[in-house]
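These protein sequences, in sequence, are chains Z and D.
With positions in the first sequence counted from 1, the corresponding number in this note's numbering is that position plus 135.
With positions in the second sequence counted from 1, the corresponding number in this note's numbering is that position plus 135.
There are 2 protein chains.
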Amino acid sequence: MTKLDTLYDQLTLPTKAKLALVVMDGVGDIATRENGFLTPLEAAKTPIMDELSREAIQGRMTPVAPGITPGSGPGHLGLFGYDPVETQVGRGVIEALGLGLELQAGDVAARANFCSLDPDGLVTDRRAGRIETEECERLCALLSAGIQKIANVQVIIQPGKGHRFVIIFRGEGMEGPLSDTDPQREGFPIAEAAPVDVSSKKAQKAAKLIRDFYEKALPILKDERPANGFLMRGIAHQPMIPTFQERYKLNAACLAVYPMYKGLAQLVGMQKVEGPQSISEQFNRYLEEYDHFDFFFIHYKYTDMYGEDGNFEAKKQAIEALDEALPILLQKRPDVLAITGDHSTPCPMKGHSWHPQPVLLHSAFSGCDKLDRFTETGANIGSMGVFEAKYLIRHMQAHARMFDKYGA
Amino acid sequence: MTKLDTLYDQLTLPTKAKLALVVMDGVGDIATRENGFLTPLEAAKTPIMDELSREAIQGRMTPVAPGITPGSGPGHLGLFGYDPVETQVGRGVIEALGLGLELQAGDVAARANFCSLDPDGLVTDRRAGRIETEECERLCALLSAGIQKIANVQVIIQPGKGHRFVIIFRGEGMEGPLSDTDPQREGFPIAEAAPVDVSSKKAQKAAKLIRDFYEKALPILKDERPANGFLMRGIAHQPMIPTFQERYKLNAACLAVYPMYKGLAQLVGMQKVEGPQSISEQFNRYLEEYDHFDFFFIHYKYTDMYGEDGNFEAKKQAIEALDEALPILLQKRPDVLAITGDHSTPCPMKGHSWHPQPVLLHSAFSGCDKLDRFTETGANIGSMGVFEAKYLIRHMQAHARMFDKYGA
Numbered sequence: 136m137t138k139l140d141t142l143y144d145q146l147t148l149p150t151k152a153k154l155a156l157v158v159m160d161g162v163g164d165i166a167t168r169e170n171g172f173l174t175p176l177e178a179a180k181t182p183i184m185d186e187l188s189r190e191a192i193q194g195r196m197t198p199v200a201p202g203i204t205p206g207s208g209p210g211h212l213g214l215f216g217y218d219p220v221e222t223q224v225g226r227g228v229i230e231a232l233g234l235g236l237e238l239q240a241g242d243v244a245a246r247a248n249f250c251s252l253d254p255d256g257l258v259t260d261r262r263a264g265r266i267e268t269e270e271c272e273r274l275c276a277l278l279s280a281g282i283q284k285i286a287n288v289q290v291i292i293q294p295g296k297g298h299r300f301v302i303i304f305r306g307e308g309m310e311g312p313l314s315d316t317d318p319q320r321e322g323f324p325i326a327e328a329a330p331v332d333v334s335s336k337k338a339q340k341a342a343k344l345i346r347d348f349y350e351k352a353l354p355i356l357k358d359e360r361p362a363n364g365f366l367m368r369g370i371a372h373q374p375m376i377p378t379f380q381e382r383y384k385l386n387a388a389c390l391a392v393y394p395m396y397k398g399l400a401q402l403v404g405m406q407k408v409e410g411p412q413s414i415s416e417q418f419n420r421y422l423e424e425y426d427h428f429d430f431f432f433i434h435y436k437y438t439d440m441y442g443e444d445g446n447f448e449a450k451k452q453a454i455e456a457l458d459e460a461l462p463i464l465l466q467k468r469p470d471v472l473a474i475t476g477d478h479s480t481p482c483p484m485k486g487h488s489w490h491p492q493p494v495l496l497h498s499a500f501s502g503c504d505k506l507d508r509f510t511e512t513g514a515n516i517g518s519m520g521v522f523e524a525k526y527l528i529r530h531m532q533a534h535a536r537m538f539d540k541y542g543a
Numbered sequence: 136m137t138k139l140d141t142l143y144d145q146l147t148l149p150t151k152a153k154l155a156l157v158v159m160d161g162v163g164d165i166a167t168r169e170n171g172f173l174t175p176l177e178a179a180k181t182p183i184m185d186e187l188s189r190e191a192i193q194g195r196m197t198p199v200a201p202g203i204t205p206g207s208g209p210g211h212l213g214l215f216g217y218d219p220v221e222t223q224v225g226r227g228v229i230e231a232l233g234l235g236l237e238l239q240a241g242d243v244a245a246r247a248n249f250c251s252l253d254p255d256g257l258v259t260d261r262r263a264g265r266i267e268t269e270e271c272e273r274l275c276a277l278l279s280a281g282i283q284k285i286a287n288v289q290v291i292i293q294p295g296k297g298h299r300f301v302i303i304f305r306g307e308g309m310e311g312p313l314s315d316t317d318p319q320r321e322g323f324p325i326a327e328a329a330p331v332d333v334s335s336k337k338a339q340k341a342a343k344l345i346r347d348f349y350e351k352a353l354p355i356l357k358d359e360r361p362a363n364g365f366l367m368r369g370i371a372h373q374p375m376i377p378t379f380q381e382r383y384k385l386n387a388a389c390l391a392v393y394p395m396y397k398g399l400a401q402l403v404g405m406q407k408v409e410g411p412q413s414i415s416e417q418f419n420r421y422l423e424e425y426d427h428f429d430f431f432f433i434h435y436k437y438t439d440m441y442g443e444d445g446n447f448e449a450k451k452q453a454i455e456a457l458d459e460a461l462p463i464l465l466q467k468r469p470d471v472l473a474i475t476g477d478h479s480t481p482c483p484m485k486g487h488s489w490h491p492q493p494v495l496l497h498s499a500f501s502g503c504d505k506l507d508r509f510t511e512t513g514a515n516i517g518s519m520g521v522f523e524a525k526y527l528i529r530h531m532q533a534h535a536r537m538f539d540k541y542g543a
């Protein structure tokens with residue numbers, strides 16, 4: 136814990152406040168000539184957010200650090216108040232979470248994919264001809280049936296899309312990161328997974344386990360064609376992260392539809408509320424669960440999805456759809472409501488970006504920035520300024536009156 | 136390297152992008168009643184920058200840290216992305232660079248000036264009656280002729296203006312900083328240069344060398360009047376700084392007119408492009424060199440010079456002159472263009488200041504902040520916010536698509 140974290144911790148008071156964080160994934164955008172110098176947020180009709188903004192403050196958040204484009208993992212860790220540079224989560228872990236696997240602290244996870252080997256064990260096709268998902272599922276079932284455990288370590292294998300799958304090793308005393316077993320080029324043998332920190336005994340144990348796993352797994356696949364081998368990448372362990380409850384004294388619920396975001400929320404100890412499939416259902420579920428939690432993380436995927444497609448009109452409409460559903464949430468208005476994204480996904484870029492996402496914060500103590508709308512350009516002149524996303528939760532706690540005065 | 140620097144390094148991708156950093160030295164100013172509440176940037180007619188700003192973003196940069204007024208050294212180190220608090224360059228080094236001397240890592244450099252000594256070796260005039268530059272040049276030539284080397288250490292002596300000169304010791308195993316030999320008051324003997332870190336063997340070696348230098352040099356000057364002695368200040372070594380190429384994977388060119396800025400650019404491994412004497416010539420040279428470099432540092436001195444004079448009208452005209460020349464640069468529009476200063480030099484203060492300088496960043500991915508002009512007041516409401524100057528280069532790299540996504 137940093138000195139500042141210790142201070143926050145010491146100042147934290149229990150309250151009965153309800154905090155809600157509505158994440159429009161990738162909502163931030165850029166105003167370009169092609170789009171009439173408007174962003175989707177600016178072009179959208181958002182009467183409810185407009186009304187909120189008259190009694191709210193705004194700002195923009197650097198998701199990680201200047202110029203860095205986050206994936207969903209670092210983006211959400213930042214939003215959840217964890218330093219996304221200090222708290223690095225491996226790709227294997229993120230991939231496992233995305234497939235809906237529940238990870239435990241200490242689990243070592245890896246992205247894997249089937250490949251083709253020649254009789255000498257040299258890789259002839261790093262993607263095994265991109266086999267179909269069904270074939271991948273069959274082969275994963277075969278491996279799962281053949282290998283449940285290695286020594287005391289449990290092995291969990293979960294198929295993904297196409298030739299891809301995930302492997303989790305659940306046991307004691309292991310850690311990542313390890314180097315990839317993917318040789319990156321055809322004509323070479325499967326590489327050894329080696330500890331990145333060669334002095335780590337725990338990583339050495341994980342490396343040995345992966346060798347043993349290959350020794351058991353390759354014979355199972357030897358008569359398969361074209362997928363008679365597999366490569367592993369992003370081999371990392373699930374880090375021990377202090378939970379939301381420990382760090383903020385907040386009992387947190389996750390209302391997300393997609394497994395990746397449920398997984399990221401679970402990583403910090405939020406409780407998943409399963410069931411809702413649309414933003415209206417998520418907000419309705421919030422009403423039902425209002426008394427059971429202090430903090431609600433409500434994740435909305437479509438803004439990001441249409442940003443990735445470069446579909447300005449659809450992204451705009453996705454924003455309008457969320458705005459239209461907001462009155463449901465406001466039936467039991469949270470004491471602190473923050474609306475933002477985990478990063479920007481500008482339509483002209485068709486992908487995540489580093490541009491700071493706008494944020495709106497509404498509470499009885501927010502005052503207002505005299506802004507009639509919630510937009511990127513408005514947020515530029517808001518009282519929150521441009522700040523690191525990891526501080527949003529601290530702002531929310533303050534507005535919930537969760538912090539005692541510091542010093543006399 | 137900090138953890139964040141390591142992250143930037145890991146994410147860096149090679150691109151073919153061209154980046155240009157146009158530095159209007161000291162451009163930032165303050166709007167006071169005397170100047171009709173306008174700054175020179177606001178008062179100037181700048182149609183080209185106005186046009187750029189419609190498709191650019193803006194912000195303000197803290198050159199070093201809140202309230203700190205940088206000299207040219209820290210100002211430019213910050214602009215070049217090096218932490219100007221962590222990476223301190225001694226005054227001796229800066230002075231040597233300003234005189235056009237090329238320094239090598241490990242060189243120990245000192246500012247020096249001639250003084251007058253009485254027969255007992257006490258300082259009677261710390262500036263030797265402010266002798267003329269010609270006299271200084273003659274005495275430096277005398278010293279240079281008498282002392283080329285001490286043991287294995289090469290001694291380089293370069294006259295400056297008036298009574299000032301610079302001494303460089305080029306050899307192995309030495310470091311600064313050392314205390315000044317200037318006793319600060321008349322009537323005292325020349326002080327000993329002592330290691331600031333007394334436990335440093337390398338600094339002890341440098342201290343001994345300086346004693347030996349005095350022993351050889353003072354007899355050479357003993358019959359001169361009034362300059363029969365000299366004092367040394369800011370004795371420091373040239374730190375080892377990772378080059379631009381190493382740190383950013385950018386092959387950088389320096390297009391500056393004044394030696395100080397060439398020296399600072401050379402310090403971080405930029406290649407000097409010699410020849411141009413005006414901003415039009417610099418921009419034309421940029422066109423010629425376009426294919427040979429990835430990054431262009433283009434330095435413009437006059438905004439600072441007239442700010443130092445407190446000449447509002449001339450500073451305004453200097454801005455207009457640069458704006459008028461900008462179309463040359465835009466003939467081959469860089470993928471990322473940043474226009475800023477290394478600090479502010481407000482006319483009412485007749486000197487450098489701590490006020491954050493405005494910055495404009497233009498790229499295909501910048502979007503816009505809906506600002507019609509590039510000014511301090513406009514920059515206040517730009518999406519870049521107020522940020523530390525050392526991050527500008529990271530912003531530029533992001534806009535050049537030089538960073539891979541962080542995490543999945």
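For glycine and all other residues, C-beta sits at the position ideal for the given N, C-alpha and C.
Keep in mind it's a predicted model, so treat the numbers as computed, not measured.
List, in order along the chain, the chain D residues whose C-beta lies closer than 9 Å to that of I229/Z? The answer, in chain order, is G542 and A543.
Check the Cβ of I516/Z against every Cβ in chain D and list those closer than 7 Å, keeping chain order. Those within 7 Å of I516/Z in chain D are I516.
Answer yes or no: does any C-beta atom of chain Z fall closer than 7 Å to that of G202/D? Taking 7 Å as the threshold, the shortest C-beta distance from G202/D to chain Z does not fall below it.
Q532/D CB to nearest chain Z CB: under 7 Å? Yes, its Cβ sits closer than 7 Å to a Cβ of chain Z.
Quick one, which residues of the segment 152 to 169 of chain Z are near chain D if we go by CB-CB under 9 Å, in chain order? Those would be D164, I165, A166, T167 and R168, in chain order.
For the segment 169 to 250 of chain Z, which segments carrying the beta strand (DSSP E) assignment without a break, of at least 3 residues, lie completely within its bounds, in sequence order? Note on the segment 169 to 250 of chain Z: whole beta strand (DSSP E) runs with a minimum of 3 residues are 191 to 197, in chain order.
What would DSSP say about L296/D, mapped onto helix, strand or coil? Note that residue 296/D corresponds to Lys in the displayed sequence, not to Leu. Look at K296/D here: in three-state DSSP terms it is coil, with no helix or strand label.
For the pair the segment 389 to 408 of chain D and the segment 221 to 241 of chain D, tell me if three or more CB-CB distances fall below 8 Å. At 8 Å Cβ cutoff, the stretches touch.
Looking at the strands, I want to know which residues DSSP matches up with S498/Z. Per DSSP, V471/Z.
Does the Cβ-Cβ distance between G202/D and I165/Z come in under 7 Å? Contact: no.
If you measure between the beta carbons of K467/Z and L422/Z, is that distance less than 7 Å? Result yes, Cβ atoms of K467/Z and L422/Z sit closer than 7 Å.
Taking I292/Z as the reference, which of G227/Z, D253/Z, E381/Z and V333/Z has the closest Cα? Shortest Cα-Cα distance from I292/Z to any of G227/Z, D253/Z, E381/Z and V333/Z involves G227/Z.
Alpha carbon to alpha carbon, what distance is there between D242/Z and I303/Z? When rounded, the separation of the alpha-carbon atoms in I303/Z and D242/Z is 7 Å.
Inter-residue Cα distance where the pair is A543/D and V331/Z: Cα to Cα, A543/D sits roughly 20 Å from V331/Z.
Where does I282/Z sit, in a helix, a strand or coil, going by DSSP? Shown here, I282/Z sits in coil according to DSSP, grouped into three states, outside any helix or strand.
Contacting residues, own chain, Cβ-Cβ under 7 Å from R262/Z (five flanking each side not counted): Excluding sequence neighbours, R262/Z sits near N248, C250 and H298.
Coil, strand or helix - E310/Z by DSSP: Here E310/Z sits in coil by DSSP.
Comparing C-alpha positions only, which one of H497/D, G206/D, T222/D and D317/D sits nearest to A328/D? For A328/D, the nearest C-alpha among the options comes from D317/D.
Tell me, please, whether the CB atom of V545/Z is closer than 7 Å to any CB atom in chain D? Absent from the structure is residue 545/Z, since the part of chain Z shown begins at 136 and ends at 543.
Of the choices D144/D, D458/D and C275/D, whose alpha-carbon is the least far from that of R508/D? Closest by alpha carbon: D458/D.
Could you say if the segment 350 to 370 of chain D and the segment 265 to 274 of chain D meet the contact criterion of at least three C-beta pairs nearer than 8 Å? With contact defined as three or more Cβ pairs closer than 8 Å, the segment 350 to 370 of chain D and the segment 265 to 274 of chain D are in contact.
Exposure of R368/D, with buried meaning 16 or more beta-carbon neighbours within 10 Å: Looking at its Cβ environment, which holds 16 or more other Cβ atoms inside 10 Å, R368/D is buried.
Within its chain, find whatever has a CB closer than 7 Å to the CB of A191/Z; leave out the 5 residues flanking it on each side and keep chain order. Within the same chain, A191/Z has close Cβ partners L495, L496, H497, S501 and C503.
Cutting at 8 Å between CB atoms, please list the residues of its own chain near G410/D, excluding the five before and the five after it. Cβ-Cβ distances below 8 Å link G410/D to E416 and R420 in the same chain, with the five nearest sequence neighbours on each side left out; the list follows chain order.
Residues of the segment 176 to 191 of chain D in Cβ contact with chain Z at a cutoff of 7 Å, in chain order, please. Across the segment 176 to 191 of chain D, CB contacts with chain Z closer than 7 Å involve E190, in sequence order along the chain.
For D260/Z, does the three-state DSSP call read helix, strand or coil? DSSP, read as helix, strand or coil, puts D260/Z in strand.
C-alpha distance - A499/Z paired with Q406/Z, whole-angstrom precision: Taking the straight line joining both Cα atoms gives about 27 Å.
List, from N- to C-terminal side, the alpha helix (DSSP H) runs of 4 residues or more that fit wholly inside the segment 400 to 428 of chain D. The DSSP assignment places 414 to 424 as complete runs of the alpha helix (DSSP H) inside the segment 400 to 428 of chain D, in order along the chain (cut-off: 4 residues).
Within the 7 Å Cβ cut-off, does P209/Z reach chain D? Yes, P209/Z lies at the interface with chain D (some Cβ there is under 7 Å from its Cβ).
Test item: CB-CB of I418/Z and I355/Z under 7 Å: The amino acid at residue 418/Z is misidentified as Ile; the sequence shows Phe. Between F418/Z and I355/Z, the C-beta gap is not smaller than 7 Å, which leaves the two residues out of contact.
Check whether the Cβ atoms of L390/Z and I433/Z sit closer than 7 Å, and answer yes or no. The answer is yes: Cβ separation under 7 Å.
Does any CB atom of chain Z fall closer than 7 Å to the CB of K397/D? Judged by the 7 Å Cβ criterion, K397/D is not in contact with chain Z.
Using the three-state DSSP reduction, which class does L385/D fall into: helix, strand or coil? In the structure shown, the three-state DSSP call for L385/D is coil.
Pick from E186/D, S207/D and K151/D that is closest to V158/D, judged by C-alpha positions: For the residues E186/D, S207/D and K151/D, the minimum Cα distance to V158/D belongs to S207/D.
Are any of the Cβ atoms in chain D nearer than 7 Å to that of V301/Z? At a cut-off of 7 Å, the C-beta of V301/Z has no neighbouring C-beta in chain D.
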